[in-house]
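Protein sequences, first through last, are from chains A and B.
All the letters of the first sequence, read from the start, carry residue numbers 272 to 639 under my numbering.
All the letters of the second sequence, read from the start, carry residue numbers 272 to 639 under my numbering.
C-beta atoms are modelled at their ideal positions from N, C-alpha and C, and glycine is treated no differently.
Quick notes on the structure that follows.
2 protein chains.
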Amino acid sequence: MSAGRSERAETPMKTVRVALGERSYPIRIGAGTLDDAGAAIAKATGARQVAVLTVPGVGRRYAPRLLRSLKAAGVRARRIEVPDGDATKNLRQAAKLYDAFLEQGLDRRSALVALGGGMVGDLTGYAAATYLRGIPFVQVPTTLLSMVDASVGGKVAVNLKQGKNLVGAFHQPRLVWIDSETLRSLPARERAAGMAELIKHAAIRDARLFAQLERDVEAALALDPAVLNAAIARSCRIKAEVVAQDEREGGVRMLLNFGHTLGHAVEKKYRYGRVLHGEAVSMGMVYAARRSEELALAPAGTAARLEALLQRAGLPTELPQFARKAYLDALRVDKKKQDERIRFVVLRRIGEAETRPLTPEEIYPLRP
Amino acid sequence: MSAGRSERAETPMKTVRVALGERSYPIRIGAGTLDDAGAAIAKATGARQVAVLTVPGVGRRYAPRLLRSLKAAGVRARRIEVPDGDATKNLRQAAKLYDAFLEQGLDRRSALVALGGGMVGDLTGYAAATYLRGIPFVQVPTTLLSMVDASVGGKVAVNLKQGKNLVGAFHQPRLVWIDSETLRSLPARERAAGMAELIKHAAIRDARLFAQLERDVEAALALDPAVLNAAIARSCRIKAEVVAQDEREGGVRMLLNFGHTLGHAVEKKYRYGRVLHGEAVSMGMVYAARRSEELALAPAGTAARLEALLQRAGLPTELPQFARKAYLDALRVDKKKQDERIRFVVLRRIGEAETRPLTPEEIYPLRP
Chain A
272 MSAGRSERAE
282 TPMKTVRVAL
292 GERSYPIRIG
302 AGTLDDAGAA
312 IAKATGARQV
322 AVLTVPGVGR
332 RYAPRLLRSL
342 KAAGVRARRI
352 EVPDGDATKN
362 LRQAAKLYDA
372 FLEQGLDRRS
382 ALVALGGGMV
392 GDLTGYAAAT
402 YLRGIPFVQV
412 PTTLLSMVDA
422 SVGGKVAVNL
432 KQGKNLVGAF
442 HQPRLVWIDS
452 ETLRSLPARE
462 RAAGMAELIK
472 HAAIRDARLF
482 AQLERDVEAA
492 LALDPAVLNA
502 AIARSCRIKA
512 EVVAQDEREG
522 GVRMLLNFGH
532 TLGHAVEKKY
542 RYGRVLHGEA
552 VSMGMVYAAR
562 RSEELALAPA
572 GTAARLEALL
582 QRAGLPTELP
592 QFARKAYLDA
602 LRVDKKKQDE
612 RIRFVVLRRI
622 GEAETRPLTP
632 EEIYPLRP
Chain B
272 MSAGRSERAE
282 TPMKTVRVAL
292 GERSYPIRIG
302 AGTLDDAGAA
312 IAKATGARQV
322 AVLTVPGVGR
332 RYAPRLLRSL
342 KAAGVRARRI
352 EVPDGDATKN
362 LRQAAKLYDA
372 FLEQGLDRRS
382 ALVALGGGMV
392 GDLTGYAAAT
402 YLRGIPFVQV
412 PTTLLSMVDA
422 SVGGKVAVNL
432 KQGKNLVGAF
442 HQPRLVWIDS
452 ETLRSLPARE
462 RAAGMAELIK
472 HAAIRDARLF
482 AQLERDVEAA
492 LALDPAVLNA
502 AIARSCRIKA
512 EVVAQDEREG
522 GVRMLLNFGH
532 TLGHAVEKKY
542 RYGRVLHGEA
552 VSMGMVYAAR
562 RSEELALAPA
572 GTAARLEALL
582 QRAGLPTELP
592 QFARKAYLDA
602 LRVDKKKQDE
612 RIRFVVLRRI
622 GEAETRPLTP
632 EEIYPLRP
C-alpha cells in the first residue's frame with residue numbers, strides 16, 4: 272500500500288468522461304487508489320447505504336479496504352459474495368440478491384458497488400437496473416478486461432440456459448473507479464486476455480495508441496503504472512466515444528464487435544471453456560484482419576502487424592482447426608445477423624474499421 | 272362490432288402524445304377500433320413478429336381480432352396466455368416468458384403487445400424491458416384503470432414475495448391503443464374502480480374535467496363513447512403532462528399518489544383482497560381531502576364535493592375502521608417515506624394538489 276501511495280504521487284489520476292447526457296459519468300483511473308474509493312462513491316451516488324457485490328477471491332483481498340473507505344465516508348456498507356464464474360450470472364442469483372437487498376433495507380437512495388470482473392459488473396448492474404425500478408451503481412473493476420471493456424457502455428445482463436446475456440438492460444454506472452494496482456493479483460493469462468480488448472480498441476480507432484502499445488506492451492502487462500494507466504485511459508476514451516455516439520447499438524458501436532464474430536464461434540464451440548473471451552477475440556481479430564486483406568479492404572501487412580502485437584501480449588492468434596461447417600453453423604445463429612448477412616467488422620487499416628454485410632460463406636470461405 | 276363501427280364514425284379517434292424526447296409515444300383512443308390495431312402496431316414498432324400477452328378471459332374475447340389485424344398488417348403474431356391475477360406478476364412468470372420468446376424466435380426487432388389490464392401491462396412491459404436488453408412493446412389496455420393509469424408512465428414491474436412492484440424498470444411503450452368498447456365486458460365494479468383514478472387526475476390537476484364528470488359521470492360509466500373517450504383522453508393527458516415533467520418520479524409525479532398513502536394501507540391490511548385498488552384509492556382520497564381541510568389547506572366543502580362524485584361513480588369513500596395503530600404501522604413502512612416524514616399529497620382545492628412532509632401521526636392524528 273505504501274508503494275501504491277508513492278506511485279500515485281508519480282502517476283496522477285486520469286479521468287475519462289463518458290458523455291451520455293444526464294446519464295454521463297466519469298471513469299477515474301489511478302494506482303493504489305482503492306482506499307479513496309469510498310468518498311468518491313458517496314459523492315457520485317449520494318447513497319448512505321450500499322451493498323458491495325464481489326466474488327470470494329477478490330472479496331478477501333480488496334473488500335475490507337473498500338468497506339473501510341466507505342465507512343470512513345459515512346456510508347453503511349455490506350459485502351455480498353456471489354460464487355465465481357459465469358454460471359452465477361443468472362436469474363436465480365439475481366432473485367437471491369433482491370432478497371439480500373430487502374433484508375439489508377436498501378431503498379431507492381441506496382446504491383450497489385461491483386467489486387470484481389465482468390461477471391460481477393454485469394450481475395450487479397442488472398440487479399441495480401431492476402431493483403426498485405433502478406438504483407445507482409458503481410463499478411470497481413479488478414480485471415483488465417472489465418477495466419477497458421465492461422466498465423464502459425452500460426450493457427448489463429444475465430444469462431439464460433439458452434445463451435449468454437439474453438436478459439438485461441442498459442443501465443449506466445454513476446462512476447467507474449479503476450485502481451490498476453488491483454491487477455497485481457490477476458493471473459498473467461487474464462491480464463493478456465484483457466490486453467486483447469485494449470489492442471482491439473486501438474486497432475479499430477486509434478493508430479497512435481496502437482503504436483504506443485507496439486513500443487511498450489510488455490511494460491503495460493508488467494503493470495508499470497505510467498504506461499498502463501495511460502493505455503487504460505486511452506482505451507476507455509475510445510470505447511466511451513463510440514458508446515456516446517451510439518448508446519443503444521445501432522451503428523458505430525458495431526465496430527466494437529471486431530474479432531467477436533469468429534471469437535464467439537470459438538467460445539461457443541468450446542462451450543465457454545478452454546479459451547478466455549479475450550483469447551478468442553484475439554484469434555477472431557487476426558482472422559478478420561486477414562480476411563480484410565483478402566477482400567482488398569486493408570493494405571497488405573495489416574494482419575501481420577496486429578498478429579505480432581497480440582503475440583507479444585501472449586495471446587493466441589490462430590483459430591482452432593474446427594471443420595468449416597462448425598464455423599458456418601456458429602455464424603448462422605449469430606444474433607447480430609441481419610436477414611442472411613452479418614455485419615462483419617473489417618479493418619481498413621490499423622486504427623480504422625468498418626462493417627460489411629457478408630454472408631457466413633463470405634466470412635468463412637471455402638479454401639482450396 | 273357493427274355498433275362499434277357506427278359509433279366510431281360519430282366519435283373520431285383522439286390522440287394524446289406523451290412527450291418524453293426520443294421515448295415519446297402516442298395514446299390513440301377510439302371506440303370499436305380494435306380491428307385497426309394491427310397496422311398501427313406494425314407502424315409504431317417496425318416489428319414483423321410479435322407476441323401478444325393476455326389472460327384467458329380477455330384473450331378469448333379479443334385476441335382473435337387483434338391477431339387477425341396483425342396478420343393483415345403482415346406481422347407474424349402468437350398469443351401467449353398467462354394466468355389471471357396479480358400473483359402471476361412475478362419473476363418465475365417472467366422467466367417462463369423469456370423461454371417462450373426464444374422458442375418463438377423473437378429477436379431485437381420483434382415486439383410484445385400487452386392485451387389486458389394493469390397486470391398484463393406490467394408483466395409484458397417488464398419482459399420487454401429486459402428481454403435482449405429491451406425490445407419495443409405496445410399496450411392495448413382493456414380495463415378503465417389501465418387505460419387511464421398504467422398505460423402512461425412507463426413504470427413496469429413484477430412482485431416479490433416481500434412486496435409489490437419491487438423489481439422493475441422504466442420502459443416506455445411505443446404506442447398505447449385504447450378501444451373503449453372493450454370495456455363492455457368489464458364488470459361494473461371494475462369500471463368504477465378505474466373511474467377512481469380518472470377522478471383523481473381531475474382532482475389534482477383539472478377542475479374543468481372534474482366539473483365535466485360532475486355533469487355526466489353516469490354516461491361515462493355507461494360507456495357513452497363521446498363522453499367516455501373525451502374523459503379518458505383528458506385523463507391520459509393529465510398524467511402524460513405530469514410524467515413528461517418528471518419521468519423518474521422526483522417531484523410533481525408524487526402528486527399522482529393522491530389518495531394512495533392511506534389507500535395502500537387499506538390494501539395491505541386486506542392483503543390485497545376484498546377491495547380493488549381504485550376503491551382503496553377512493554377512500555384514501557376522501558380521507559386526504561378531509562385532512563387537507565382540517566389543516567386549513569383546502570376550502571371547506573372540497574372533500575364533500577369529491578366524496579359526492581366518487582359515490583355517484585359507485586365507489587366507497589370511508590376508510591375501514593381499523594385500529595389507529597394499524598394505520599400508523601402501515602404508514603411507517605411506506606416506501607415513499609423520507610426519513611420520518613411522508614410526502615403526503617393534499618388538495619389545495621378541486622384541481623390543485625401539492626405534497627406536504629408529514630409524520631404518520633400528523634397524517635392520521637389521534638381523534639378525541
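Exposed or buried, which one is residue i when buried takes at least 16 other CB atoms within 10 Å?
| i | result |
| --- | --- |
| TYR541 of chain A | exposed |
| PRO407 of chain A | buried |
| VAL456 of chain A | A small correction: the amino acid at residue 456 of chain A is Ser; Val does not occupy that position in the sequence shown. Counting Cβ neighbours within 10 Å, SER456 of chain A comes out exposed, since fewer than 16 surround it. |
| GLU538 of chain B | buried |
| SER417 of chain A | buried |
| SER295 of chain A | exposed |
| ASP370 of chain A | exposed |
| LEU639 of chain B | Strictly speaking, residue 639 of chain B in this sequence is Pro, with Leu absent from that position. That one is exposed. |
| LEU494 of chain A | buried |
| VAL438 of chain B | buried |
| VAL546 of chain A | buried |
| PRO628 of chain A | exposed |
| ALA459 of chain A | exposed |
| ALA358 of chain B | exposed |
So, helix, strand or coil for residue i, using DSSP?
| i | result |
| --- | --- |
| ARG545 of chain B | coil |
| ASP477 of chain A | coil |
| VAL604 of chain A | coil |
| LYS596 of chain B | helix |
| THR286 of chain A | strand |
| GLU625 of chain A | strand |
| ARG363 of chain B | helix |
| ARG620 of chain B | strand |
| ALA490 of chain B | helix |
| ILE503 of chain B | helix |
| PRO327 of chain B | helix |
| LEU383 of chain A | strand |
| GLN320 of chain B | strand |
Examine chain B for any beta-carbon lying closer than 8 Å to the beta-carbon of residue i, and answer yes or no.
| i | result |
| --- | --- |
| GLN375 of chain A | no |
| ARG404 of chain A | yes |
| LEU415 of chain A | no |
| LEU431 of chain A | yes |
| ALA428 of chain A | yes |
| LEU362 of chain A | yes |
| TYR369 of chain A | yes |
| ALA640 of chain A | There is simply no residue 640 of chain A to check, as chain A begins at 272 and stops at 639 in what is shown. |
| THR401 of chain A | yes |
Using beta carbons (cut-off 8 Å, strictly below), is residue i in contact with chain A?
| i | result |
| --- | --- |
| GLY439 of chain B | yes |
| ALA474 of chain B | no |
| ALA567 of chain B | no |
Below 8 Å on the Cβ atoms is my contact criterion, and I expect residue i with residue j to pass it. Report the Cβ-Cβ distance as a whole number of Å.
| i | j | result |
| --- | --- | --- |
| PRO631 of chain A | LEU590 of chain A | About 15 Å separates the two Cβ atoms, so there is no contact after all. |
| ARG620 of chain B | PRO587 of chain B | Their Cβ separation, rounded to whole angstroms, is 24 Å, which puts ARG620 of chain B and PRO587 of chain B out of contact at 8 Å. |
| THR395 of chain A | LEU383 of chain A | 5 Å |
| ALA491 of chain B | LEU499 of chain B | 5 Å |
| GLY555 of chain B | THR532 of chain B | 6 Å |
| ALA560 of chain A | LEU577 of chain A | 5 Å |
| ARG562 of chain A | VAL617 of chain A | 7 Å |
Going by beta carbon distance, what residues of the same chain come within less than 7 Å of residue i, once the five residues before and after it are set aside?
| i | result |
| --- | --- |
| ARG350 of chain B | VAL323, THR325, GLY330, ALA334, LEU338 |
| VAL289 of chain B | SER295, TYR296, ILE298, VAL423, ALA511, VAL514, ALA515 |
| SER381 of chain A | ALA318, GLN320, VAL321, ILE406 |
| VAL557 of chain A | ALA574, LEU577, GLU578, LEU581, THR588 |
| ILE503 of chain B | ILE300, MET418, VAL419, ILE449, SER451 |
For residue i, collect the residues of the same chain with a Cβ closer than 6 Å to its Cβ; drop the 5 residues on either side in sequence, then sort them by chain order.
| i | result |
| --- | --- |
| ILE298 of chain A | VAL287, VAL447, CYS507 |
| LEU403 of chain A | ARG379 |
| GLY387 of chain A | THR325, VAL326, VAL329, THR413 |
| LEU368 of chain A | ALA398 |
What does a CB cutoff of less than 8 Å around residue i pick up in its chain, not counting 5 residues either side in sequence?
| i | result |
| --- | --- |
| LEU291 of chain A | GLY425, GLN443, VAL514, ALA515, GLU518 |
| ASN436 of chain A | ASP393, LYS426, ALA428, VAL429, ASN430 |
| LYS342 of chain B | GLY309, ALA348 |
Does the CB of residue i have a neighbour CB from chain C at under 8 Å?
| i | result |
| --- | --- |
| MET418 of chain A | Here chain C cannot be found, since the structure's protein chains are A and B. |
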